[in-house]
Amino acid sequence: MRERTRPVNRWLVTATQIALGIAFLAGWELGVRAGKIDSFFFSSPSQIGATIGNWWHQGYIVKDVVITMWETVLGLIIGGIVGIVLGIVLASNRFLGAVFEPLLVLLNSIPRVTLVPLFILWFGFSLLSKVVSAVVLVLFVVFFATYAGIKDVDPTLVANVRVMGAKPIDIVRHVLVPSALTWIFASLRSAVGFALIGAVVAEYFGASAGVGYRIQYSEAQLNTSGVFGGLAILMVLVTFVDTFIRWVQRRVLVWKPVDL
Amino acid sequence: MGPSGCGKSTTLSLIAGLDAPTAGTVTVRGNQVDGITDSAGFLFQRDALLPWKSVRDNVLLPLQLRGVRSDEARTRAAEWIGRVGLRGFEASYPHQLSGGMRKRVSLAQTLVYDPQILLMDEPFSALDVQTRNLMEAELLGLWQGSGKTVIFVTHDLEEAIALADEVVVMTAGPARVKARYDVTLPRPRDIEHVRLDPRFTELYSKMWNDLRDEVLESYARANAAG
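Top line first, the protein sequences correspond to chains U and H.
Residue numbers for the first sequence follow this note's numbering, so the first one is 76 and each next one is one higher.
Residue numbers for the second sequence follow this note's numbering, so the first one is 13 and each next one is one higher.
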């Protein structure tokens, strides 16, 4: 069904995106200035900008961002590794898979955000409770993607390397893992969002720094500019990490027929 | 040869040791098959190259798995990539190659570790007719003088006669050997011209008579079942 697929003009796409963004912000700002939008509830782009500028001068931003990023990245790495290893083990060992896969489905159905206060109770206000929150969100996303990716492997490929003399560990290394990598990367990109949610929600419940703490603090003071300012910072962070993952993905998945 | 579903592919899997027989034993060169048959190479109908490895790495893989020293492995892989006519494509990935080129890589990947038995499961059936004829000629050229046993499953009578010394026709499942034919066409054979040989056409009509009954039989069963 791909008749006449002319490539999209990328400049036009970017220009339109920027124009839409500017139109949205300008409409917001003008609405507030004209008195149509109540700035107490909705703030305004200029006030948000001023708040962020203020944070910058007070040195909060660098400190908050570094803390939140550190929690997010640790959560992503630990959750990612545990998820990938679990996925490989449970997908390539049928007995373990049959025993533990339903358990993981069950655990995955728990709304993890409700566990965050427990983590704070167990691990305190420190870094650890934030990282654990991020890990329990990331782990499942990556696990299910890895599991599905390995189950999806073309049996002909496995048969082919077996005839060549591959041992089970060779099959994992040369066939299962590379085949699952596409799925793993796709899941890592959504996992970034989950890691950040885990970290920020945990900060929100109990912390003394971090972007989530900054948002919660602003909320407590009914400072909507601060809430939106924190959210704007989070958006920039996610974009940054996502770009990095896509950069790695393009280098690891060079063999893929389509550009990702 | 035999009708679809009669167990041709299963037979190859049993010889390779990919599947274990539910009853009885399989013996290859005097040894009972238990696990993968070391001396066998397998060419599949479907693409079996690893899409994430370049041509070079795909051909190197069986040597690495078999513990061949890396400098020797590199030399042998390069030699076989050259023999199947793909010099210059070492760094390409499978998706960048045509179907015929991918089959050549598969051939190199299988032959590079010098298996004594080649199991081929309709390896060229997905290719267009011209490419298929080229690949058949290629296979004959590479095989000629190597002393290897090739067990080749095909639906294509012409392919069977053009390539084989002996053609075994199997019955619609459960598979039994229905007939064996010796193909006495002289070697080395020229794929293009061998089809014009009167002995070729004579064998063709004789074999087609046997095969037709089995094909009709399996067709009737499939319809009855469906």
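By construction, the Cβ of each residue, glycine as well, lies at the ideal position given by its N, Cα and C atoms.
Cross-chain neighbours of Pro332 (chain U) in chain H, by beta carbon under 7 Å: His107
7 Å CB neighbourhood of Arg326 (chain U) in its chain, flanking five on each side removed: none
Own chain residues within Cβ distance below 7 Å of Ala138 (chain H), not counting five before or after: Gln57, Gly111
CB contact check: Asn298 (chain U) to chain H, cutoff 9 Å: no
Buried or exposed by the 16-neighbour rule on C-beta atoms within 10 Å, applied to Arg77 (chain U): Its pLDDT being 49, under 50, Arg77 (chain U) is placed unreliably in this model, and the coordinates cannot settle the point.
Reference Val174 (chain U), options U:Pro186, U:Ser184, U:Leu161, closest by Cα: U:Leu161
Rounded C-alpha distance that separates Ser262 (chain U) from Ile152 (chain U): 13 Å
Whole-angstrom distance between Gly102 (chain U) and Ala109 (chain U), CA atom to CA atom: 10 Å
9 Å Cβ cut-off: residues of chain U touching Ile129 (chain H): The contacting residues do not exist; Ile129 (chain H) stays about 11 Å from chain U at best.
Integer Cβ distance of Asn235 (chain U) from Ala28 (chain H), believed to fall under 8 Å: Not really, about 10 Å apart at Cβ, beyond 8 Å.
Residue closest to Ser114 (chain U), alpha-carbon to alpha-carbon, out of U:Ala307, U:Thr314, U:Gly301: U:Gly301
C-alpha gap between Val181 (chain H) and Ala191 (chain H), whole angstroms: 5 Å
Pair within 9 Å by beta-carbon distance, Ile272 (chain U) and Val188 (chain U): yes
Distance, Leu146 (chain H) Cα to Leu72 (chain H) Cα: 25 Å
Reduced DSSP category for Asn43 (chain H) - H, G, I as helix; E, B as strand; rest coil: strand
Candidates H:Asp83, H:Gln142, H:Ser217, H:Arg199: closest to Tyr193 (chain H) by CA position: H:Ser217
Within-9 Å CB hit, Pro253 (chain U) to chain H: yes
Near the ligand ATP: Phe315 (chain U) beta-carbon under 8 Å from a heavy atom: Ligands are entirely absent from the displayed structure, and the ligand ATP is therefore not among its contents.
Sufficient close CB pairs (3 or more, under 8 Å) joining the segment 123-138 of chain H to the segment 80-95 of chain H: yes
Proximal residues of chain U, C-beta to C-beta of Arg81 (chain H) below 8 Å: Under the 8 Å cutoff, chain U gives no residues; its nearest Cβ is about 15 Å from Arg81 (chain H).
Val228 (chain U) versus U:Leu306, U:Ala282, U:Ile163, residue with shortest Cα-Cα distance: U:Ile163
Span of the beta strand (DSSP E), counted from its first residue to its last, around Val180 (chain H): 178-182
Interface positions of the segment 58-81 of chain H facing chain U (Cβ-Cβ less than 7 Å), listed along the chain: Arg58, Ala60, Leu62, Pro63, Trp64, Leu73, Pro74, Leu77, Arg78
Where the alpha helix (DSSP H) containing Tyr216 (chain H) begins and where it ends: 210-237
is_contact[Gly224 (chain U), chain H] using C-beta, thresh 9 Å: no
Asp334 (chain U), buried or exposed, once every other Cβ within 10 Å from all chains shown has been counted against 16: In this prediction, Asp334 (chain U) has a pLDDT of 49, which is less than 50 and means its spatial position is unreliable; what the coordinates show is noted afterwards. Classification of Asp334 (chain U): exposed, given that the 10 Å Cβ count is below 16.
Any chain U beta carbon closer than 9 Å to Gln121 (chain H): yes
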